[in-house]
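Just so we're aligned, residue 1 is where the sequence shown starts under the UniProt record's numbering, counting upward by one. Where is the CB? At the ideal position from N, CA and C, for every residue including glycine.
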Amino acid sequence: MEVNWQPDATSKIPVYQQIINTCISHIQRGDWPINAQLPSQRQLASQFHVNRSTVAKAMTILLADGVLTTAFGGGTRIASNSWSTMMHQPVDWQDFIDSGEFVANQATIQRINKVETQARIRLSTGELGPDIFPVELMQHAMLQASTKLTSMNYLPPMGSLALRQIIAERLAKWDIQTSADSVLITSGSLQSLQLIAVSLLADGATVYTTPASYLKSLRVLQSVHAQFKSLPTDRQGLQYWHITAGEGQRLLYVIPTFDNPAGGVMSQQRRADLIQYAQERRLPIIEDSAYQDLWLDERPPQPLKALDKSGNVLYLGSISKSLAPGMRIGWIVGPQSIIKRLADVKMQTDYGASSVSQMVLTEVLNDPDYDRYLETVRQKLKLRRDSALSVLESELGQVATWQKPAGGFYIWLTLDPAVNVQQLFDQADQNGIVLNPGSVYGSGAQHNVRLSYAFETESQFAAGIKQISRFIRAQLSKE
1 MEVNWQPDAT SKIPVYQQII NTCISHIQRG DWPINAQLPS QRQLASQFHV NRSTVAKAMT
61 ILLADGVLTT AFGGGTRIAS NSWSTMMHQP VDWQDFIDSG EFVANQATIQ RINKVETQAR
121 IRLSTGELGP DIFPVELMQH AMLQASTKLT SMNYLPPMGS LALRQIIAER LAKWDIQTSA
181 DSVLITSGSL QSLQLIAVSL LADGATVYTT PASYLKSLRV LQSVHAQFKS LPTDRQGLQY
241 WHITAGEGQR LLYVIPTFDN PAGGVMSQQR RADLIQYAQE RRLPIIEDSA YQDLWLDERP
301 PQPLKALDKS GNVLYLGSIS KSLAPGMRIG WIVGPQSIIK RLADVKMQTD YGASSVSQMV
361 LTEVLNDPDY DRYLETVRQK LKLRRDSALS VLESELGQVA TWQKPAGGFY IWLTLDPAVN
421 VQQLFDQADQ NGIVLNPGSV YGSGAQHNVR LSYAFETESQ FAAGIKQISR FIRAQLSKE
């Protein structure tokens, strides 16, 4: 609970009464739900810049009137309201919160989301750095789009036809043969997953993933009470043959090219074998291709969708990693019957992704400079990756291991078991550095950290790692 308020020193109302009035106001508005815990009196006194005795006096009155309650070891909380004679009974919004389909984000994810954009050094951010953003390319695309602007009306349910056509054309370069009628434009890959969850998945469906998976850092499948099952991996990729037969709906979610967070690339042979296995067993696959264009050493193998002859694969694409997450544009490629179903559900949720973003992206993808831009991005990312690996070797080589990523954004560290990763995350956060603990991607990744070399410059990344190294050494020196 946050209390962003300070008393008015010039007011004739006593400070303790101002504190009481503020508490009541927050409860009346429903900002503070029943059973929510207040900060400690010491924290409140520091926040309000008042003596602790002043806070104690206000709390005593609120406790006496039944607004607050205390329990041993449980702190001070908002009580079931007994101020009915003095104020309107507030709605207990907590009942509604608890009844909603979506589960709250992991506490660590909420914390990262809150502090990341203000952090001094962002070692967690899965975005290209601002210095890589193609300003001239985007300005030209926006200008071209503006000259063609005739209205700002809703677009068709599946999205802009022109955008779907150019996406289908570009996918042909990856040997994916599809048409505009098999492409649905979404508000990013996250919405693609949401649409799949609410449109296609049965309650309690089993979702197979890698042991550490980006999907597990989300709560999007909790709305259908999906059950995650992890499959082992090796240097060739995910070991699909560990999928077990059983009752109920099953599907596989996989990022075969530059997996998030581990960065692995599934071999061409493993991809072919997986597709054959899926066809024989009618196993649906969600293929997330977010990092496919961002290879650093050599072009990766064909996507699973390129090998799919039976419509087993729903292929998710996005512009968020290769260009601009703020455009909020992604796409799903699949059988037309599925695409139409997903489009219908999308129309019930938001009536279509931004028409402006779709117009601008159409211009970007039709511009020959876009492919030249991608080549530049790959060159810059390669320099950042190599610099990151060098500084990691010098600073963390004795306490961590990792694999050299062949593309994408991430380096997956496995730290010495003696290092407390949660403590490291907390200390880094307190010093303006954000990194992603491996635990947000799976319960078996307690000793891992996901680092991104895509956002910060080489010098900023190095500065952050050097400070992280000092925190780790300080931890280990106390062992």
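List the endpoints of the continuous alpha helix (DSSP H) containing residue i.
| i | result |
| --- | --- |
| Tyr-373 | 369-396 |
| Gln-348 | 336-349 |
| Val-55 | 52-64 |
| Val-356 | 355-366 |
| Tyr-16 | 15-29 |
| His-140 | 135-147 |
| Asn-113 | 107-115 |
| Leu-304 | 304-307 |
| Gln-460 | 458-477 |
| Ala-197 | 189-200 |
| Ala-406 | Note, Ala-406: premise wrong, no alpha helix (DSSP H); not H, not E. |
| Ala-168 | 161-171 |
Give the single residue among the options whose Cα lies nearest to the Cα of residue i.
| i | options | result |
| --- | --- | --- |
| Gln-177 | Ile-185, Gly-188, Leu-252 and Gln-165 | Gln-165 |
| Tyr-410 | Leu-435, Met-327 and Gln-106 | Leu-435 |
| Gln-167 | Glu-363, Gly-438, Ala-388 and Thr-376 | Checking the sequence shown, residue 167 turns out to be Ile, not Gln. With distances taken between Cα atoms, Ile-167 lies closest to Glu-363. |
| Asn-113 | Ser-217, Ile-285, Ala-197 and Leu-161 | Ser-217 |
| Gly-159 | Ile-243, Gly-352, Leu-323 and Ser-320 | Gly-352 |
| Val-135 | Asp-369, Trp-402 and Arg-42 | Asp-369 |
| Arg-385 | Gly-330, Asp-308, Arg-299 and Ser-459 | Ser-459 |
| Gln-37 | Asp-8, Met-59 and Thr-54 | Met-59 |
| Gln-348 | Gly-444, Thr-186 and Leu-389 | Thr-186 |
| Gly-248 | Ser-189, Ala-202 and Ile-19 | Ala-202 |
| Leu-137 | Val-224, Ser-151, Ser-310 and Asn-366 | Asn-366 |
| Gly-30 | Ile-78, Ser-387 and Leu-155 | Ile-78 |
| Asp-426 | Arg-111, Phe-48 and Gln-106 | Arg-111 |
| Phe-258 | Ala-290, Leu-252, Gly-432 and Ala-278 | Ala-290 |
| Phe-133 | Arg-299, Met-327, Asp-175 and Lys-478 | Met-327 |
| Gln-299 | Gln-28, Ile-319, Lys-173 and Leu-476 | Contrary to the premise, residue 299 reads as Arg rather than Gln in this sequence. The residue with the shortest Cα to Cα distance from Arg-299 is Lys-173. |
| Asp-344 | Ala-406, Leu-195 and Gln-379 | Leu-195 |
| Asp-371 | Gln-446, Pro-405 and Arg-170 | Arg-170 |
| Ala-162 | Asn-51, Gln-28, Leu-361 and Thr-210 | Leu-361 |
| Ala-428 | Ile-121, Gly-246, Pro-325 and Ala-9 | Ile-121 |
| Pro-405 | Leu-424, Gly-444 and Ala-454 | Ala-454 |
| Thr-147 | Met-359, Ser-390, Gln-446 and Gln-422 | Met-359 |
| Pro-325 | Thr-125, Tyr-441, Gln-379 and Gln-106 | Thr-125 |
| Met-152 | Ser-11, Trp-241, Gln-423 and Ser-354 | Ser-354 |
| Ser-199 | Val-220, Ser-179, Ala-180 and Ser-394 | Val-220 |
Over what stretch of residues does the beta strand (DSSP E) that includes residue i continue unbroken?
| i | result |
| --- | --- |
| Ile-78 | 75-78 |
| Asp-288 | 285-288 |
| Arg-250 | 250-254 |
| Gly-317 | 313-318 |
| Ile-275 | Run containing Ile-275: none in the beta strand (DSSP E); it sits in the alpha helix (DSSP H), 268-281. |
| Ala-71 | 68-71 |
| Thr-186 | 183-186 |
State the beta-bridge partners of residue i as determined by DSSP.
| i | result |
| --- | --- |
| Phe-228 | Val-207 |
| Ile-121 | Ile-433 |
| Gly-326 | In DSSP, Gly-326 forms no bridge with anything. |
| Gln-413 | Sequence inspection shows Leu at residue 413; the Gln mentioned does not correspond to that position. Per DSSP, Val-449. |
| Val-265 | Thr-257 |
| Thr-401 | Thr-414 |
| Gly-237 | Asp-234 |
| Val-333 | Val-183 and Tyr-315 |
| Gln-43 | None; Gln-43 has no bridge partner. |
| Gln-37 | Arg-77 |
| Trp-295 | Gly-407 |
Since residue i and residue j should fall inside the 8 Å C-beta cutoff, what is the C-beta to C-beta distance between them, to a whole number of angstroms?
| i | j | result |
| --- | --- | --- |
| Tyr-214 | Asn-260 | 4 Å |
| Glu-456 | Gly-129 | 6 Å |
| Ile-119 | Gly-438 | In the sequence as presented, Ile is not what sits at residue 119; that position holds Ala. So it is not a contact: roughly 19 Å between Cβ atoms. |
| Leu-392 | Ile-465 | 6 Å |
| Gln-403 | Gly-263 | 7 Å |
| Val-333 | Val-183 | 5 Å |
| Leu-190 | Ser-452 | Rounded, the Cβ-Cβ distance is 18 Å, inconsistent with contact. |
| Leu-294 | Gly-408 | 6 Å |
| Tyr-208 | Ile-243 | 6 Å |
| Asp-175 | Gln-47 | That pair is no contact at about 59 Å. |
| Gln-279 | Ser-318 | That belief does not hold up - the Cβ atoms of Gln-279 and Ser-318 are roughly 26 Å apart, past 8 Å. |
Answer yes or no: the CB of residue i versus the heavy atoms of the ligand GTP, is any distance below 6 Å?
| i | result |
| --- | --- |
| Asn-51 | Looking at this structure, you won't find the ligand GTP or any other ligand, since it has none at all. |
Nearest chain C C-beta to residue i closer than 7 Å, yes or no?
| i | result |
| --- | --- |
| Ala-454 | Protein chain content of the structure displayed is limited to a single chain, and chain C is not contained in it. |
Measuring CB atoms only, is the stretch 460-471 touching the stretch 236-253, in the sense that at least three cross pairs come out at less than 8 Å?
Taking 8 Å as the limit for Cβ pairs, the verdict is that the stretch 236-253 does not touch the stretch 460-471.
Could you tell me whether the stretch 415-426 touches the stretch 265-275, where touching means 3 or more Cβ pairs closer than 8 Å?
In the pairwise beta carbon analysis, the stretch 415-426 is classified as not touching the stretch 265-275: fewer than three pairs are separated by under 8 Å.
Given 8 Å as the limit, is there contact between the stretch 279-286 and the stretch 307-323, that is, 3 or more CB pairs closer than that?
Segments in contact, yes.
Contact between the stretch 58-77 and the stretch 15-27 (3+ Cβ pairs under 8 Å):
Counting Cβ pairs under 8 Å, three or more are found: they touch.
May I ask you to verify whether the stretch 328-344 touches the stretch 136-148, counting CB pairs closer than 8 Å and requiring at least 3?
Segments in contact, no.
Touching or not, the stretch 31-47 and the stretch 2-9, by the rule of three or more beta carbon pairs under 8 Å?
Judged by Cβ distances under 8 Å, the stretch 31-47 makes contact with the stretch 2-9, as three or more pairs qualify.
Could you say if the stretch 40-59 and the stretch 4-20 meet the contact criterion of at least three C-beta pairs nearer than 8 Å?
Segments in contact, yes.
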